[in-house]
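**Q** In my numbering, the protein residues as written are 2 to 101.
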Amino acid sequence: MTKADIISEISTKTGIEKVDVQETVEAFFKVIKTSMIGGENVYVRGFGSFVVKKRAQKTARNISKNTAIIIPEHFVPSFKPAKVFVDKVKSNSKKINVEA
Numbered sequence: 002m003t004k005a006d007i008i009s010e011i012s013t014k015t016g017i018e019k020v021d022v023q024e025t026v027e028a029f030f031k032v033i034k035t036s037m038i039g040g041e042n043v044y045v046r047g048f049g050s051f052v053v054k055k056r057a058q059k060t061a062r063n064i065s066k067n068t069a070i071i072i073p074e075h076f077v078p079s080f081k082p083a084k085v086f087v088d089k090v091k092s093n094s095k096k097i098n099v100e101a
């Protein structure tokens with residue numbers, strides 16, 4: 002499902018025009034991105050948490066040049082689903098036919 006599909010479905014279910022729904026969805030994503038860039042986590046009860054994780058400094062190897070590279074510590078965005086959400090997906094997993 003794409004963002005356009007989500008916007009269409011919300012518009013159909015609520016009766017709100019697609020343009021208004023699109024602005025709302027874009028604003029939602031912008032608030033989440035801005036908060037996470039600022040180092041702030043975002044918690045949505047019943048859905049999950051958008052958290053900023055710290056990756057420690059590590060040493061990697063460039064095998065073509067046979068040299069060591071130091072990757073500095075950095076932060077990455079992450080999503081952790083809520084337990085309720087995970088349980089619902091697990092209970093429906095028997096009904097879902099996923100083709101690999």
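Idealized CB from N, CA, C, for every residue including glycine.
1. Please report how far the alpha carbon of E41 lies from the alpha carbon of V20, in whole angstroms.
2. Can you confirm whether the segment 41-60 touches the segment 85-93 when touching is taken to mean that 3 or more C-beta pairs between the two stretches lie within less than 8 Å?
3. Do V43 and S36 have their C-beta atoms closer together than 8 Å?
4. With a CB to CB cut of under 8 Å and the five nearest residues on each side skipped, what residues in its chain are close to T60?
5. Helix, strand or coil for S94? Go by DSSP, reduced to three states.
6. Answer with buried or exposed for V90, where buried requires no fewer than 16 other C-beta atoms within 10 angstroms of its C-beta.
7. With a floor of 4 residues, list each alpha helix (DSSP H) that falls wholly inside the segment 12-80, ordered by position along the chain.
**A** So, from the listed chains and residues:
1. Take the alpha-carbon of E41 and the one of V20: they are about 29 Å apart.
2. Short answer: they touch.
3. Yes.
4. Exclusion of the five residues before and after T60 leaves A69, I70, I71 and I72 as the residues of its chain whose Cβ lies within less than 8 Å of its Cβ.
5. Secondary structure of S94 (DSSP, three-state): coil.
6. Counting of Cβ neighbours within 10 angstroms places V90 among the exposed residues, the total staying below 16.
7. Given a length threshold of 4 residues, each whole run of the alpha helix (DSSP H) inside the segment 12-80 is given here in chain order: 19-38.
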